[in-house]
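Visitor: Structure below; questions to follow.
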Amino acid sequence: MRVVALFSALVFGVATFASQAADPIIIKFSHVVAPDTPKGRAADYFKKLAEERSKGRVKVEVYPNSQLYKDREEMEALQIGAVQMLAPSLAKFGPLGVRSFELFDLPYVFPNKETLYRVMDGDIGKKLFGLLDAKGITGLGFWDNGFKQMSSNKPMHSVEDFKGMKMRIQSSKVLEAQMKALGANPQVMAFSEVYSALQQGVVDGTENPMSNLFTQKMHEVQKHLTLSDHGYLGYAVIVNKKFWDDLPADLRTTLDKAMKDTTVFERKIAQEENDEALAKVKAAGTTQVYTLPYKDRVVWQQALLPVHKEFEEKIGRDFIQAAYLTALQVEKEKAAKPAAPAKKDKPGPVKASKPAAEKK
Ligand code: LMR
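Positions 0 to 359 (numbering that gives the first Met the number 0) are the ones given, in order, by the sequence shown.
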């Protein structure tokens with residue numbers, strides 16, 4: 000009897016082990032950009048780390064280029080558990096009802112990446128992720144792409160040049176207000192539809208970091224590009240909360256660490272990818288590249304600043320003030336260092352008004 004029990008335990012054990020080995024936990028990671036972009040490369044890097052470090056207990060299936068879902072659909076797919084992981088741009092959380100993420104869309108609010116990373120990795124980032132709980136979503140990390148540039152079929156040198164232009168935007172009310180402040184007509188559209196909309200003249204232009212513009216071949220259907228760095232595009236890597244909470248604790252720790260390491264990798268390659276993309280667009284010769292001079296950037300900034308005030312309530316005044324103060328702190332630290340000669344090509348941070356607490 001004991002022998003039989005031992006034998007069946009052994010067989011059962013082997014069978015369980017075999018089925019565990021044969022059935023890894025699947026993480027479907029859907030995204031909308033090309034594999035050779037900062038986000039695309041990072042998704043593949045995370046897959047590698049997660050599979051290696053979990054010793055095959057998880058399998059990450061990466062679906063790039065809106066293969067599975069477009070922007071809006073992928074959020075819904077995550078919430079119902081049809082996919083487990085996404086990295087939507089920070090401009091795409093408004094439709095979920097968490098408008099504070101649109102902080103990152105405010106024009107000219109982040110003068111440099113240092114400020115951005117501090118905001119993402121500090122209290123604001125934590126609070127933003129906290130807002131996702133109620134939506135059945137857990138935030139794992141913030142990834143970078145870069146500052147956005149303007150493209151269209153007409154030159155965009157002065158603010159007046161935008162008058163009446165149809166500009167594709169992501170689903171963010173701040174971006175809508177930004178385009179309106181320039182006198183343009185904003186049109187929300189899924190990323191996967193932008194190339195053909197530009198090609199067919201449904202819209203005149205758009206904004207994106209160079210890596211997205213180049214890998215979607217938008218430069219082939221856009222005659223003009225203005226390097227304006229007027230806004231930012233980054234990502235929140237998110238998972239279905241129930242899926243995440245139900246994972247064995249040790250596996251969750253492994254994946255969390257893999258995500259942290261991927262985030263370091265992603266932020267390191269983001270600028271390189273964008274610099275390379277710009278060089279390739281210049282080499283393609285299809286698009287005239289214009290760098291907005293400092294004096295004109297200041298004019299653009301003046302035209303766009305009212306958008307900050309307009310969104311104080313929706314985003315949260317404390318969030319905006321904290322971003323200003325972080326920018327000032329970074330500037331102060333830079334000034335205190337015996338630095339290399341200051342670059343004159345970018346306007347400084349938006350002048351911070353006093354924090355809410357001091358104003359009362
Ligand atoms: C866009 O829709 O323009 C971008 O958010 C795409 C992306 O994910 O980088």
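The beta-carbon is built from N, C-alpha and C at its ideal position, and this holds for glycine as well.
Everything numeric in this text was worked out from a predicted model, so none of it was measured.
So the candidates are Gln320, Lys259, Met209, Phe45; which of them puts its Cα closest to the Cα of Gln221?
Guide: Looking up residue 221 in the sequence shown gives position 222. Among Gln320, Lys259, Met209, Phe45, the Cα nearest to that of Gln221 belongs to Met209.
Visitor: What residues in its chain sit with their C-beta under 6 Å from that of Ala76, if we drop five residues either side in the sequence?
Guide: Start at 1 with the first residue of the sequence shown, and residue 76 comes out as number 77. Contacts found: Tyr68, Val82.
Visitor: With DSSP run on the structure shown, which of helix, strand or coil describes Thr15?
Guide: The residue given as residue 15 occupies position 16 in the sequence shown. Per-residue confidence for Thr15 stands at a pLDDT of 45, beneath the threshold of 50, marking its modelled position as unreliable; the derived number appears in the next sentence. The answer is helix: DSSP assigns Thr15 an H, G or I state.
Visitor: I need the straight-line Cα distance from Glu309 to Ala180, nearest angstrom please.
Guide: The residue labelled residue 309 in the question sits at position 310 within the sequence shown. The residue labelled residue 180 in the question sits at position 181 within the sequence shown. Approximately 11 Å, taken between the alpha carbons.
Visitor: Straight-line CA distance for Ala351 to Lys54?
Guide: Within the sequence shown, numbered from 1, the residue matching residue 351 stands at position 352. Within the sequence shown, numbered from 1, the residue matching residue 54 stands at position 55. Confidence at Ala351 is low in this model, with a pLDDT of 44, below 50, so its placement is unreliable and no value can be given for it.
Visitor: Is it right to say Arg1 is buried, meaning 16 or more other beta carbons lie within 10 angstroms of its own, or is it exposed?
Guide: As a working note, residue 1 is residue 2 in the sequence shown. The predicted position of Arg1 is uncertain, since its pLDDT is 44 and thus under 50; a value taken from the coordinates is nonetheless stated next. Exposed is the call here.
Visitor: So, helix, strand or coil for Met178, using DSSP?
Guide: Walking along the sequence shown from the start, residue 178 turns up at place 179. Residue state, collapsed to three classes: helix.
Visitor: Report buried or exposed for Lys91, applying the criterion of at least 16 other Cβ atoms within 10 angstroms of its Cβ.
Guide: Position 92 of the sequence shown, counting from 1, holds the residue named residue 91. With 16 or more Cβ atoms within 10 Å of its Cβ, Lys91 is classed as buried.
Visitor: Determine the direct distance from the alpha carbon of Asp132 to that of Pro292, and round the result to whole angstroms.
Guide: Along the sequence shown, one-based indexing puts residue 292 at 293. Along the sequence shown, one-based indexing puts residue 132 at 133. Each residue's alpha carbon lies about 43 Å from the other.
Visitor: Identify which residue in Pro154, Ile237, Asn211 has its Cα closest to the Cα of Asp203.
Guide: Against the sequence shown, residue 203 aligns to sequence position 204. That would be Pro154, whose Cα lies nearest to the Cα of Asp203.
Visitor: Tell me whether the stretch 186-197 and the stretch 246-257 touch, counting them as touching only if at least three CB pairs, one residue from each stretch, are closer than 8 Å.
Guide: no
Visitor: Just the C-alpha distance for Asn144 and Ser88, rounded to the nearest angstrom, thanks.
Guide: By 1-based counting over the sequence shown, the position of residue 144 is 145. By 1-based counting over the sequence shown, the position of residue 88 is 89. Each residue's alpha carbon lies about 9 Å from the other.
Visitor: At a cut-off of 8 Å, is Pro87 close to the ligand LMR when judged by its beta-carbon and the heavy atoms of the ligand?
Guide: Taking the first residue of the sequence shown as 1, we reach residue 87 at position 88. Yes.
Visitor: To which residues of the same chain is Phe161 closer than 6 Å at the C-beta, ignoring the five residues directly before and after it?
Guide: Here residue 161 refers to the residue found at position 162 when the sequence shown is read from its first residue. Cβ within range, chain order: Leu181, Gly182, Ala183.
Visitor: Given a cut-off of 9 Å on the beta-carbon distance, is the pair Ile314 and Val173 in contact?
Guide: For the purposes of this step, residue 314 is taken as the residue at position 315 of the sequence shown. For the purposes of this step, residue 173 is taken as the residue at position 174 of the sequence shown. Contact flag set, yes.
Visitor: Report all residues from its chain with a CB closer than 6 Å to the CB of Leu277; omit the five preceding and five following residues, and keep chain order.
Guide: Numbered from 1 along the sequence shown, position 278 holds the residue referred to as residue 277. Cβ within range, chain order: Met209.
Visitor: According to DSSP, His223 sits in a beta bridge with which residue or residues?
Guide: To locate residue 223, count along the sequence shown from 1; it is residue 224. According to DSSP, His223 bridges with Ser151, Gln287.
Visitor: Name the residue from His30, Lys58, Arg56, Leu85 whose alpha carbon lies nearest to the alpha carbon of Gln66.
Guide: Within the sequence shown, residue 66 is the residue found at index 67, counting from 1. Of His30, Lys58, Arg56, Leu85, the residue nearest in Cα terms is His30.
Visitor: Just to confirm, are Ile319 and Leu85 a CB contact at a threshold of 9 Å?
Guide: Locating residue 319 in the sequence shown gives position 320, counting from the first residue. Locating residue 85 in the sequence shown gives position 86, counting from the first residue. Taking C-beta atoms as the reference points, Ile319 and Leu85 fail to come closer than 9 Å.
Visitor: Could you tell me whether any non-hydrogen atom of the ligand LMR is closer than 8 Å to the CB of Val202?
Guide: For the purposes of this step, residue 202 is identified with residue 203 of the sequence shown, where counting begins at 1. No, Cβ of Val202 sits at least 8 Å from all heavy atoms of the ligand LMR.
Visitor: How big is the Cα-Cα spacing for Arg167 and Asp22?
Guide: For this step, residue 167 is matched to residue 168 along the sequence shown. For this step, residue 22 is matched to residue 23 along the sequence shown. Straight-line spacing of the CA atoms in Arg167 and Asp22 works out to 43 Å.
Visitor: Going by Cα to Cα distance, which pick from Val61, Asp43, Glu51, Pro34 is closest to Ile26?
Guide: By 1-based counting over the sequence shown, the position of residue 26 is 27. Nearest of Val61, Asp43, Glu51, Pro34 to Ile26, Cα basis: Val61.
Visitor: CA-CA distance, Gly140 and Val57?
Guide: For the purposes of this step, residue 140 is taken as the residue at position 141 of the sequence shown. For the purposes of this step, residue 57 is taken as the residue at position 58 of the sequence shown. Each residue's alpha carbon lies about 19 Å from the other.
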